[in-house]
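Q: Would you mind keeping the following structure in view while I ask a few things?
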Amino acid sequence: MAWPCLLVPPALDSQTAHKFGSQGFFNFTARRPQHLLQILELGYNVMYNDVDMVWLEDPFPYMEGNHDVYFTDDMTAGRPYICSCMIFLRATDGAKLVMNKWIEELQAQPWSKGKNANDQPAFNWALLKTAGVVDLYLLPQAAFPTGGLYFKNNTWVQQTKGMHVIIHNNYILGFEKKIKRFRDHGLWLVDDHALESPLGRL
């Protein structure tokens, strides 16, 4: 099966990386809904996920039905808190409405160190404010677990064994720490071919 790919504005080099929670990080992630909206406007469905996630199975069978927006729960227990880490959007008016509302919420809720350290609160507000008019779908957490469950609750992992599709390596900060945790759990599925690459370390 072929999936169309689109190149959005060039990725910044590693020297421009920002720490989670910083204003630079917020400014970087706050551009996400605009990029997603631009692709939707071209008539394409969009699958987005953060780079600290590992795919164990094909997730698309879970994108069943004709819902506008599919997303995951970032909580480990209790009331769901939607994660902006993985989103599947159909090219519908409903999905476009959510992206526009997300953009509006980001403009209304600028970065602050204590409250709005990333774009996720604005995404949750956008979903809440469009829930009555947009077809929203919460994906099963057993298939799309947060790092707070998968890496910190072995009982839960055993109870849901064989059901995991995409695992998010969150609830931990730091590039090297994330890679180590992936390796420790047998989820680092690539070798480091930096010495073989003409581009050096990627």
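Numbering-wise, the sequence shown is residues 1 to 202 according to UniProt numbering. Beta carbons are placed, not taken as given, at the ideal position from N, Cα and C, and that holds for glycine.
In whole angstroms, what is the alpha-carbon distance linking I179 and D74?
A: Counting from 1 along the sequence shown, the entry for residue 179 is found at position 179. Counting from 1 along the sequence shown, the entry for residue 74 is found at position 74. Cα-Cα distance, rounded: 20 Å.
Q: Between the alpha carbons of F123 and V51, how many angstroms are there, rounded?
A: By 1-based counting over the sequence shown, the position of residue 123 is 123. By 1-based counting over the sequence shown, the position of residue 51 is 51. Spanning the two alpha carbons is a distance of roughly 18 Å.
Q: Please name the residue in L173, T146, T155 and M99 whose C-alpha comes closest to that of W125.
A: Taking the sequence shown and counting its residues from 1, one reaches residue 125 at position 125. With distances taken between Cα atoms, W125 lies closest to M99.
Q: In terms of residues, what are the limits of the alpha helix (DSSP H) holding H35?
A: Here residue 35 refers to the residue found at position 35 when the sequence shown is read from its first residue. Element bounds for H35: R32 to E41.
Q: In terms of residues, what are the limits of the beta strand (DSSP E) holding L138?
A: Start at 1 with the first residue of the sequence shown, and residue 138 comes out as number 138. Here the beta strand (DSSP E) through L138 covers L136 to L138.
Q: Please identify the residue among Y150, F71 and Y44 whose C-alpha is closest to the C-alpha of D184.
A: For the purposes of this step, residue 184 is taken as residue 184 along the sequence shown, with counting starting at 1. Comparing Cα-Cα distances from D184 to each of Y150, F71 and Y44, the minimum goes to Y150.
Q: Which residues in the same chain as L139 place their Cβ atom closer than 7 Å to its Cβ, once the five residues preceding and following it in sequence are excluded?
A: Within the sequence shown, the letter at position 139 stands for residue 139. These residues qualify, in order along the chain: Y62, Y70, F71 and T72.
Q: If we require 4 or more residues per run, which alpha helix (DSSP H) segments fall completely within the region 54-122?
A: Counting only runs of 4 or more, we get 93-108.
Q: Looking at residue 209: is its Cβ nearer than 8 Å to the Cβ of I167?
A: The requested residue 209 is not part of the displayed model; the chain covers only 1 to 202.
Q: In the DSSP assignment, the alpha helix (DSSP H) including N49 goes from what residue to what residue?
A: Here the question's residue 49 lines up with position 49 in the sequence shown. Note, N49: premise wrong, no alpha helix (DSSP H); beta strand (DSSP E) at V46 to N49.
Q: Determine whether the beta carbon atoms of V165 and L56 lie at a separation below 8 Å.
A: For the purposes of this step, residue 165 is taken as the residue at position 165 of the sequence shown. For the purposes of this step, residue 56 is taken as the residue at position 56 of the sequence shown. Taking 8 Å as the Cβ cut-off, V165 and L56 qualify as a contacting pair.
Q: Within this structure, are the beta carbons of K96 and L37 separated by less than 8 Å?
A: As a working note, residue 96 is residue 96 in the sequence shown. As a working note, residue 37 is residue 37 in the sequence shown. Yes, these two residues count as a Cβ contact at 8 Å.
Q: Please name the residue, chosen from F144, Y81, L89 and V54, that lies closest to G65 on a Cα-to-Cα basis.
A: Along the sequence shown, one-based indexing puts residue 65 at 65. When each option's Cα is compared against that of G65, the closest is L89.
Q: Contact defined as beta carbons within less than 8 Å: I believe N45 pairs with A91. What is the distance between those atoms, to the nearest angstrom?
A: Along the sequence shown, read from residue 1 onward, the residue named residue 45 stands at position 45. Along the sequence shown, read from residue 1 onward, the residue named residue 91 stands at position 91. Going by Cβ atoms, the distance from N45 to A91 rounds to 5 Å, so yes, they are a contact pair.
Q: Mind checking which residues open and close the alpha helix (DSSP H) that includes I172?
A: By 1-based counting over the sequence shown, the position of residue 172 is 172. First-last for I172: undefined, no H or E at that position.
Q: Classify P80: buried if its beta carbon has 16 or more other beta carbons within 10 angstroms, exposed otherwise.
A: As a position in the sequence shown, residue 80 is number 80, starting the count at 1. Per the 10 Å Cβ criterion, exposed.
Q: Out of P33, V54, I39 and E41, point me to the one whose CA is closest to V190's CA.
A: Taking the first residue of the sequence shown as position 1, residue 190 is located at position 190. V190 has its Cα closest to that of V54, out of P33, V54, I39 and E41.
Q: Under DSSP, the alpha helix (DSSP H) around V157 begins and ends at which residues?
A: Within the sequence shown, residue 157 is the residue found at index 157, counting from 1. Unbroken alpha helix (DSSP H) run through V157: N154 to Q159.
Q: Which residues in the same chain as A143 place their Cβ atom closer than 7 Å to its Cβ, once the five residues preceding and following it in sequence are excluded?
A: By one-based count along the sequence shown, residue 143 stands at place 143. Same-chain partners within the cutoff: Y62, M163, H164 and V165.
Q: Kindly list the residues whose CB is nearer than 7 Å to the CB of L187, restricted to its own chain and excluding five residues on each side of it in sequence; keep chain order.
A: Stepping through the sequence shown from its first residue, residue 187 is reached at position 187. V54 and I167.
Q: Just the C-alpha distance for L202 and R32, rounded to the nearest angstrom, thanks.
A: Counting from one through the sequence shown, the residue named residue 202 turns up at place 202. Counting from one through the sequence shown, the residue named residue 32 turns up at place 32. Any answer about L202 is weak, because its pLDDT of 48 lies below 50 and its placement is not dependable; what the coordinates show is given next. Roughly 22 Å between the two C-alpha positions.
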